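**Q**
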Amino acid sequence: MSSGEKVPDVSKRAAVRVNGLGDFIFVLPALQALRDTYPEAEIVFLGKPWHQDFVPGRVNTIDRVISTPPCVGVGEEPGTPVDEAALDAFFARMQLERFDIAVQLHGGGRYSNSFVCRLGARLTVGLQAQDAPPLDRTLPYIYYQNEILRYLETVALIGAGTDQIIPRVSIIDSDRAEAAAVTAGNSKQPYIIMHPGAGDARRRWPTERFGAVANYLFEAGFALYITGIEAETGLVNEFVRLTNNRAVSLAGKLSLGGLAALGAEAALVIANDTGPLHLATAAGAKTVGIYWCGNLINASPITRAKHRPLLSWMLKCADCGRIHSGDYPFTEQACRHQVSFVSNVTVDQCLAVCEELLERRLVVTTCNQKPVNQQSAQFSTGINCN
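Using our numbering, you'd call the opening residue of the sequence shown number 109 and step up by one each time.
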């Protein structure tokens with residue numbers, strides 16, 4: 109990875125990343141590189157209100173978190189009404205911070221580069237898409253690139269580097285207590301977390317496939333906790349019904365810290381490509397992630413000792429047949445059909461990698477002790493294994 113010159117006399121840096129959980133996890137190694145290379149300089153993270161709640165005690169590379177007001181393209185979708193007076197006041201306060209460096213870690217810069225320039229830093233650094241204004245030091249923004257490596261390459265523009273390239277979050281005592289409270293009834297039973305939701309329906313593996321895997325795992329002696337945000341309660345409840353109500357719904361019941369602690373102690377986490385999957389990875393969990401092919405390029409973990417991504421090559425919408433081969437989320441040429449683009453990942457594929465990570469065979473008594481590669485296996489619940 110090429111490196112730019114270090115910047116002299118740096119005492120304070122701003123890092124801008126105003127978006128979701130998974131997006132935050134991806135930049136943790138870049139923040140570590142900034143800490144390792146400029147150890148005495150303060151890192152001020154400009155993000156969302158949830159960062160202010162989550163970061164303290166869990167991410168030691170960040171010294172302060174400042175929540176940004178709503179801004180088009182930087183935390184808010186284009187067309188969202190914003191308070192321009194509040195933004196002006198915010199930037200006036202940020203200029204009083206006298207940042208030596210402002211690092212844009214928020215995508216291609218169409219909106220975020222202008223945002224960073226208004227911070228008044230001595231030097232601006234970041235990515236530049238073709239339609240983005242320039243910064244002092246930039247890299248071209250090419251959509252399909254692993255996000256962790258993308259932002260490590262970005263901070264290398266100012267000579268920053270690290271050998272800690274795996275995202276990590278710390279678990280604090282209150283997180284452990286929260287996780288212990290929801291698992292109290294299964295204190296001696298190993299458990300697996302399954303997360304069937306995703307913000308985009310096209311990234312959701314069919315719930316019945318999750319249910320099929322869950323039934324194998326129950327027969328192997330694991331407890332199952334099904335996670336989701338409060339808005340996903342219906343989806344999680346459907347999942348629980350597919351397991352004859354043996355799984356435990358935790359939809360809307362855990363903070364991000366509690367979710368991280370739950371993942372850290374799990375035997376395995378199985379999830380769609382979502383923030384909770386990437387949080388589990390950063391908490392040290394073993395994971396099975398289900399990815400659409402393009403998303404795998406950007407969001408896959410970069411090691412395989414503890415992680416197995418399952419890949420869907422589906423490009424054609426199952427409803428209308430339109431081919432989606434551009435940059436995700438296909439906003440320019442997409443149809444509007446909310447159908448799964450990962451439904452061709454099979455139950456057998458998932459069970460095979462579960463066996464690898466759990467280091468044990470998965471055999472189901474209700475299927476007459478057939479091993480997991482028997483395509484014809486059926487469950488007493490009536491769920492098809494494929």
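For every residue, glycine included, the Cβ atom is placed at its ideal position computed from N, Cα and C.
Predicted model, so just to flag it, every value in this text is computed and none were measured.
1. Straight-line CA distance for ALA215 to ALA328?
2. Taking the C-alpha atoms as reference points, what is the distance between ALA240 and ASN221?
3. For GLU150 and SER119, I'd like the C-alpha separation in whole angstroms.
4. Just to confirm, is the Cβ distance from LEU136 to ALA123 under 8 Å?
5. Would you kindly work out how many angstroms separate the C-alpha atoms of CYS475 and PRO417, rounded to a whole number?
6. Suppose you measure from the CA of LEU99 to the CA of ARG444; what does that come to, to the nearest Å?
7. Tell whether a beta-carbon distance below 8 Å holds between ALA390 and ALA374.
8. Using 8 Å as the threshold, is the C-beta distance between VAL126 and LYS156 below it?
9. List, from N- to C-terminal side, the alpha helix (DSSP H) runs of 4 residues or more that fit wholly inside the stretch 298-328.
10. Going straight from the alpha carbon of THR351 to that of ALA322, what length do you get?
11. Determine contact between the stretch 361-372 and the stretch 304-311, defined as no fewer than three beta-carbon pairs at a distance below 8 Å.
12. Decide if the stretch 254-274 is in contact with the stretch 327-342; the criterion is three or more beta carbon pairs, one per stretch, under 8 Å apart.
13. Quick one: which unbroken alpha helix (DSSP H) runs of 4-plus residues sit fully inside the stretch 176-235? Chain order, please.
14. With burial defined as no fewer than 16 other Cβ atoms inside 10 Å of the residue's Cβ, what is the status of PHE223: buried or exposed?
15. Taking the DSSP output, what are the residues bridged to GLY397?
16. Could you check if THR291 is buried or exposed, using at least 16 other CB atoms within 10 Å of its CB as the buried criterion?
17. With H, G and I counted as helix, E and B as strand and the rest as coil, what does DSSP make of ARG284?
18. In angstroms with no decimal places, state the Cα-to-Cα distance between ALA141 and HIS303.
19. Suppose the cutoff is 6 Å on Cβ atoms and the five residues either side in sequence are ignored; what does the same chain contact list for GLU346 look like?
20. Quick one, which of GLY128, GLY112 and LYS114 has its alpha-carbon nearest GLY383's?
21. Contact check, CYS462 vs LEU387 under 8 Å by CB: the rounded distance?
22. To the nearest angstrom, report how far apart ILE405 and GLY366 are at their CA atoms.
23. Pick out whichever of THR262, ASP117, THR454 and ARG166 has its Cα sitting closest to the Cα of ALA496.
24. Taking the CB atoms as reference points, tell me whether GLY217 and LEU235 lie closer together than 8 Å.
25. Could you tell me which residues DSSP puts in a beta bridge with ALA122?
26. Do you know offhand how far PHE132's Cα is from LEU364's?
27. Name the two residues that bound the continuous beta strand (DSSP E) containing PRO409.
28. Given that a residue counts as buried once 16 or more other Cβ atoms are within 10 Å of its Cβ, and exposed if not, what is ASP281?
29. Let me make sure I understand the geometry here. Which of PHE449, ARG430, SER357 and VAL263 has the alpha-carbon closest to that of ASP381?
30. In whole angstroms, what is the alpha-carbon distance linking GLN446 and HIS415?
31. Measure the Cβ-Cβ separation of ASP208 and LEU231 and say whether it is below 8 Å.
32. Could you round the C-beta distance between ILE410 and ILE273 to whole angstroms and report it? I think they count as a contact, below 8 Å.
33. Have a look at PRO189 and LEU470 and give me their C-alpha separation to the nearest angstrom.
34. Using three-state DSSP, classify THR262 as helix, strand or coil.
**A** Walking through what the data contain:
1. Within the sequence shown, numbered from 1, the residue matching residue 215 stands at position 107. Within the sequence shown, numbered from 1, the residue matching residue 328 stands at position 220. The identity of residue 215 in the sequence shown is Gly, whereas the question assumes Ala. Roughly 43 Å separates the two Cα atoms.
2. Stepping through the sequence shown from its first residue, residue 240 is reached at position 132. Stepping through the sequence shown from its first residue, residue 221 is reached at position 113. So the alpha carbons of these two residues sit roughly 7 Å apart.
3. As a working note, residue 150 is residue 42 in the sequence shown. As a working note, residue 119 is residue 11 in the sequence shown. Our two residues, GLU150 and SER119, have alpha carbons roughly 6 Å apart in a direct line.
4. Counting from 1 along the sequence shown, the entry for residue 136 is found at position 28. Counting from 1 along the sequence shown, the entry for residue 123 is found at position 15. When the beta-carbon positions are compared, LEU136 and ALA123 stay at least 8 Å from each other.
5. The residue labelled residue 475 in the question sits at position 367 within the sequence shown. The residue labelled residue 417 in the question sits at position 309 within the sequence shown. In this prediction, CYS475 has a pLDDT of 39, which is less than 50 and means its spatial position is unreliable; what the coordinates show is noted afterwards. Inter-residue distance for CYS475 and PRO417 is about 27 Å (C-alpha atoms, whole angstroms).
6. This structure gives no information on residue 99, because the portion of the chain shown stretches from 109 to 494.
7. Here the question's residue 390 lines up with position 282 in the sequence shown. Here the question's residue 374 lines up with position 266 in the sequence shown. Taking 8 Å as the Cβ cut-off, ALA390 and ALA374 do not qualify as a contacting pair.
8. The residue labelled residue 126 in the question sits at position 18 within the sequence shown. The residue labelled residue 156 in the question sits at position 48 within the sequence shown. Going by C-beta atoms, VAL126 is nearer than 8 Å to LYS156.
9. Listed in chain order, the alpha helix (DSSP H) elements of length 4 or more contained wholly in the stretch 298-328 are 315-327.
10. Here residue 351 is taken as the residue at index 243 of the sequence shown, counted from 1. Here residue 322 is taken as the residue at index 214 of the sequence shown, counted from 1. When rounded, the separation of the alpha-carbon atoms in THR351 and ALA322 is 7 Å.
11. Verdict: no, contact absent.
12. The way I'd put it, the stretch 254-274 doesn't touch the stretch 327-342; fewer than three beta-carbon pairs between them come closer than 8 Å.
13. Listed in chain order, the alpha helix (DSSP H) elements of length 4 or more contained wholly in the stretch 176-235 are 192-205 and 220-225.
14. For this step, residue 223 is matched to residue 115 along the sequence shown. It is buried - the Cβ of PHE223 has at least 16 other Cβ atoms within 10 Å.
15. Numbered from its first residue, the sequence shown carries residue 397 at position 289. Beta-bridge annotation (DSSP): GLY397 is paired with ALA379 and PRO417.
16. Walking along the sequence shown from the start, residue 291 turns up at place 183. It counts as buried.
17. For this step, residue 284 is matched to residue 176 along the sequence shown. Helix, per DSSP.
18. To locate residue 141, count along the sequence shown from 1; it is residue 33. To locate residue 303, count along the sequence shown from 1; it is residue 195. A direct Cα-to-Cα measurement between ALA141 and HIS303 gives close to 31 Å.
19. Here residue 346 is taken as the residue at index 238 of the sequence shown, counted from 1. Same-chain partners within the cutoff: THR315.
20. Taking the first residue of the sequence shown as 1, we reach residue 383 at position 275. The shortest Cα separation from GLY383 among GLY128, GLY112 and LYS114 belongs to GLY128.
21. As a working mapping, residue 462 is identified with position 354 in the sequence shown. As a working mapping, residue 387 is identified with position 279 in the sequence shown. Not quite, the Cβ-Cβ distance comes to about 20 Å (not below 8 Å), so this is no contact.
22. For this step, residue 405 is matched to residue 297 along the sequence shown. For this step, residue 366 is matched to residue 258 along the sequence shown. Taking the straight line from one Cα to the other gives about 29 Å.
23. Nothing can be reported for residue 496, as the shown portion of the chain is limited to 109 through 494.
24. As a first step, residue 217 is located in the sequence shown; it is residue number 109 there, counting from the start. As a first step, residue 235 is located in the sequence shown; it is residue number 127 there, counting from the start. Yes; because the gap between Cβ atoms is below 8 Å, this pair is in contact.
25. One-based indexing of the sequence shown puts residue 122 at position 14. According to DSSP, ALA122 bridges with VAL152 and ALA210.
26. Working through the sequence shown from its first residue, we reach residue 132 at position 24. Working through the sequence shown from its first residue, we reach residue 364 at position 256. The alpha-carbon atoms of PHE132 and LEU364 are separated by roughly 12 Å.
27. For the purposes of this step, residue 409 is taken as the residue at position 301 of the sequence shown. Looking at the DSSP string, PRO409 is not in any beta strand (DSSP E), and its letter there is neither H nor E.
28. Numbered from its first residue, the sequence shown carries residue 281 at position 173. Exposed, by the Cβ-count rule.
29. The residue labelled residue 381 in the question sits at position 273 within the sequence shown. Just measuring C-alpha positions, the residue of PHE449, ARG430, SER357 and VAL263 sitting nearest ASP381 is PHE449.
30. As a first step, residue 446 is located in the sequence shown; it is residue number 338 there, counting from the start. As a first step, residue 415 is located in the sequence shown; it is residue number 307 there, counting from the start. Taking the straight line joining both Cα atoms gives about 28 Å.
31. One-based indexing of the sequence shown puts residue 208 at position 100. One-based indexing of the sequence shown puts residue 231 at position 123. It is a contact, given that the beta carbons lie within the stated cut-off.
32. Start at 1 with the first residue of the sequence shown, and residue 410 comes out as number 302. Start at 1 with the first residue of the sequence shown, and residue 273 comes out as number 165. Indeed, because the Cβ distance is near 7 Å, the residues count as touching under 8 Å.
33. Here residue 189 refers to the residue found at position 81 when the sequence shown is read from its first residue. Here residue 470 refers to the residue found at position 362 when the sequence shown is read from its first residue. When the Cα atoms are used, PRO189 and LEU470 turn out to be separated by approximately 52 Å.
34. Working through the sequence shown from its first residue, we reach residue 262 at position 154. Under the three-state reduction of DSSP output, THR262 falls in the helix class.
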